[in-house]
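Positions in the sequence shown are counted from 1; adding 536 to them yields the numbering used here.
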Amino acid sequence: MERRLRACVDRFAGTSGYALSQALGPMLTDAELASMWLQERLIGLQQPQPQLPAGFADPVCQSLVMLDHQRVHLSLAIVSAEGWKAESVTQVGASQIVGFADGWTTIRFLSAPLAKVQRHYLVRTSQQRRAFAECPRQVTTGEVICLDNAREALRFVGLGADVVMLRLLVRDPDAQQAVECDARTGAVLRIREAQSGDGRTRMTLSLLRSLGRSDAVPAIAEALASWPAHLRWHGVREALATDSIAGFALLQAMVETDPDEDLRALARRTRDDLLTRYPQLAA
Numbered sequence: 537m538e539r540r541l542r543a544c545v546d547r548f549a550g551t552s553g554y555a556l557s558q559a560l561g562p563m564l565t566d567a568e569l570a571s572m573w574l575q576e577r578l579i580g581l582q583q584p585q586p587q588l589p590a591g592f593a594d595p596v597c598q599s600l601v602m603l604d605h606q607r608v609h610l611s612l613a614i615v616s617a618e619g620w621k622a623e624s625v626t627q628v629g630a631s632q633i634v635g636f637a638d639g640w641t642t643i644r645f646l647s648a649p650l651a652k653v654q655r656h657y658l659v660r661t662s663q664q665r666r667a668f669a670e671c672p673r674q675v676t677t678g679e680v681i682c683l684d685n686a687r688e689a690l691r692f693v694g695l696g697a698d699v700v701m702l703r704l705l706v707r708d709p710d711a712q713q714a715v716e717c718d719a720r721t722g723a724v725l726r727i728r729e730a731q732s733g734d735g736r737t738r739m740t741l742s743l744l745r746s747l748g749r750s751d752a753v754p755a756i757a758e759a760l761a762s763w764p765a766h767l768r769w770h771g772v773r774e775a776l777a778t779d780s781i782a783g784f785a786l787l788q789a790m791v792e793t794d795p796d797e798d799l800r801a802l803a804r805r806t807r808d809d810l811l812t813r814y815p816q817l818a819a
């Protein structure tokens, strides 16, 4: 089953994130997908050295990883009604958080006899970002919900019985920020790096610049091509601040060859501004 799932993902290699999510979503409607995968796991448990699937568990949600391949993560999850109710009691009066992260999620409810959900939307105005909520509604067994995670989120607001669901996540490596909002007021509570690895990379680059490590610039140059656009820009800026000559060469290369049109334009404006103020950089 895992080979079949991997082959399905590989068939769409090179497809953009949203299109990939749309292409893979229909496989969740296969009525036998979860049961066949579980049957394989059950057979595997009978082996002398069973290969256990990766998973996650807390008092509310437990999940098993069916596939984690390239940008695609597929899991089978059960949400405990008892755990959800107990957590709701302990959080009375506290802010309920709804999070907007990276990628695209498709959820298929395999069993949802008494589940009520609420969809939230993150809206950007000219001055701020704010979350708005739809009215809560009942979901039905077999229902499929698709989410653009940067702008949409789903949370349970009522559980009368355990919920079993398939969750397909297609990650967006170019996403820069994840936003957490108050579910009741919609106010933004926190903004963080969407990719935890990106945050650590940014911190590392900033620390190297703070320590004056000009020998880091060649390493930055080597890594730029593998980074998303926002990290490439951060890397070039830190290189400029660390070693103006070597950093300017990276900026010029970005103007000429970066695959992101908006980033090339930003680099061009920055280069022209620097040359106006520091013409010696052109030497």
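Every residue gets a Cβ at the ideal spot worked out from N, C-alpha and C, and that includes glycine.
According to DSSP, is residue i part of a helix, a strand, or is it coil?
| i | result |
| --- | --- |
| Asp809 | helix |
| Arg726 | strand |
| Phe592 | strand |
| Met537 | coil |
| Phe784 | helix |
| Glu576 | helix |
| Gly694 | strand |
| Arg542 | helix |
| Ala559 | helix |
| Asp798 | helix |
| Arg703 | strand |
| Ala714 | strand |
| Glu792 | helix |
| Ala689 | strand |
Assuming residue i contacts residue j under a Cβ cut-off of 8 Å, what Cβ separation, rounded to an integer in Å, is found between them?
| i | j | result |
| --- | --- | --- |
| Leu564 | Leu760 | Not really, about 37 Å apart at Cβ, beyond 8 Å. |
| Leu811 | Ala818 | 6 Å |
| Val680 | Ile643 | 7 Å |
| His609 | Val545 | Not really, about 10 Å apart at Cβ, beyond 8 Å. |
| Ala617 | Asp698 | 5 Å |
| Lys652 | Val693 | 5 Å |
| Thr676 | Leu646 | The pair is not a contact, with the Cβ atoms about 11 Å apart (cut-off 8 Å). |
| Arg813 | Pro709 | Their Cβ separation, rounded to whole angstroms, is 34 Å, which puts Arg813 and Pro709 out of contact at 8 Å. |
Can you tell which of the options has the C-alpha that lies nearest to the C-alpha of residue i?
| i | options | result |
| --- | --- | --- |
| Ala667 | Ala617, Leu658 and Gln674 | Leu658 |
| Ser611 | Gly629, Glu618 and Gly591 | Gly591 |
| Ala637 | Gly783, Met537 and Arg707 | Arg707 |
| Trp769 | Arg800, Ala714, Val700 and Arg607 | Arg800 |
| Leu741 | Asp779, Val634, Leu690 and Gly639 | Asp779 |
| Ala777 | Trp640, Pro709, Asp751 and Ser571 | Asp751 |
| Ala757 | Ala782, Arg736 and Leu704 | Ala782 |
| Tyr554 | Leu705, Ser571, Trp620 and Val596 | Leu705 |
| Arg691 | Cys597, Arg749 and Gln712 | Cys597 |
| Gln664 | Val724, Gln583, Gln713 and Asp809 | Val724 |
| Asp594 | Ala613, Ala803, Asp710 and Gly639 | Ala613 |
| Leu695 | Gln712, Ala689, Gln654 and Gly735 | Gln654 |
| Ser571 | Leu600, Ser557 and Gln583 | Leu600 |
| Gly639 | Ile633, Thr737 and Ala689 | Ala689 |
| Gln558 | Leu683, Ser624, Ala789 and Gln632 | Leu683 |
Cα separation between residue i and residue j?
| i | j | result |
| --- | --- | --- |
| Gln816 | Ala775 | 17 Å |
| Asn685 | His656 | 10 Å |
| Pro649 | His766 | 43 Å |
| Arg540 | Leu569 | 11 Å |
| Arg547 | Pro562 | 14 Å |
| Thr551 | Asp566 | 22 Å |
| Gly722 | Ala669 | 8 Å |
| Asp794 | Pro589 | 40 Å |
| Arg807 | Glu797 | 15 Å |
| Leu786 | Leu560 | 38 Å |
| Gly635 | Ile579 | 37 Å |
| Arg726 | Leu743 | 23 Å |
| Glu576 | Leu603 | 14 Å |
| Met739 | Cys717 | 25 Å |
| Met537 | Arg720 | 42 Å |
| Gly629 | Trp620 | 16 Å |
| Arg805 | Ser746 | 25 Å |
| Trp763 | Ala549 | 19 Å |
| Thr641 | Gln585 | 33 Å |
| Ala755 | Val772 | 11 Å |
| Arg673 | Thr626 | 24 Å |
| Ser661 | Phe784 | Checking the displayed sequence, the identity of residue 661 turns out to be Thr instead of Ser. Going from the Cα of Thr661 to the Cα of Phe784 covers about 35 Å. |
| Leu556 | Val791 | 30 Å |
| Ala711 | Arg728 | 11 Å |
| Leu581 | Val700 | 22 Å |
| Gln713 | Arg687 | 11 Å |
| field | Start-end ranges of the alpha helix (DSSP H) lying completely within the segment 598–677, minimum 4 residues | value | 617–626
| Inside the segment 732–780 only - alpha helix (DSSP H) runs reaching at least 4 residues | 732–746, 753–759 and 765–778
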